[in-house]
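Before any comments, here is the structure.
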Amino acid sequence: MKIRSRALLPPTSRKITYISVEEIDLGIRKVISDSIAIQPKELVSLVSKLFSFSRVTDDVKKGILAVEYSLKQEHIYKDGQFLKSNTSTS
-1 MKIRSRALLP
9 PTSRKITYIS
19 VEEIDLGIRK
29 VISDSIAIQP
39 KELVSLVSKL
49 FSFSRVTDDV
59 KKGILAVEYS
69 LKQEHIYKDG
79 QFLKSNTSTS
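Quick look at the structure:
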């Protein structure tokens, strides 16, 4: 699976609900790996840009907060108030 840009899709097709949790997980992992460590608030903003969302709406926030899936899969972990990549499983 790879991260797909939605930039060329019409606005009606650019909904966070149309993106699988696995693809969101890949986006989360990419942003955290590129950042080394990041706070959840910044993570939402950067992941939304990665998927070509120009604004962070409540729906986008809810969708990207699928961070719990990434944590459960042990792709990322919490270190204090930061999220970090778990390189042994990435």
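Quick note: the sequence shown uses the working numbering, first residue -1, plus one each step.
We put the CB at the ideal spot given by N, CA and C, even for glycine.
In this text the structure is predicted, and so the values were computed from the model without any measurement.
Q) Is H73 helix, strand or coil when you go by DSSP? A) In the structure shown, H73 falls within a coil segment according to DSSP collapsed to helix, strand and coil.
Q) Where F80 and T10 are concerned, what is the direct C-alpha to C-alpha distance, given to the nearest angstrom? A) Taking the straight line from one Cα to the other gives about 34 Å.
Q | Given L48 as reference, the closest of I30, Q37, K82 once Cα atoms are compared | A | Ranking I30, Q37, K82 by Cα distance to L48 puts I30 first.
Q: Would you mind stating whether S68 and I26 have Cβ atoms separated by less than 8 Å?
A: Their beta carbons are under 8 Å apart, which means S68 touches I26 by this criterion.
Q) What's the gap between the Cα of T87 and the Cα of I34? A) Any reading at T87 needs caution, since the residue's pLDDT is 41, under 50, leaving its predicted position unreliable; the model's value is listed next. Distance between the alpha carbons of T87 and I34 is about 15 Å.
Q | Residue environment, G61, which counts as buried when at least 16 other CB atoms sit within 10 Å | A | The residue is buried, with at least 16 neighbouring Cβ atoms inside 10 Å.
(Q) On a Cα-Cα basis, can you pick out the residue from R2, K28, L6, P8 that is closest to I17? (A) Between I17 and the set R2, K28, L6, P8, the nearest pair of CA atoms involves R2.
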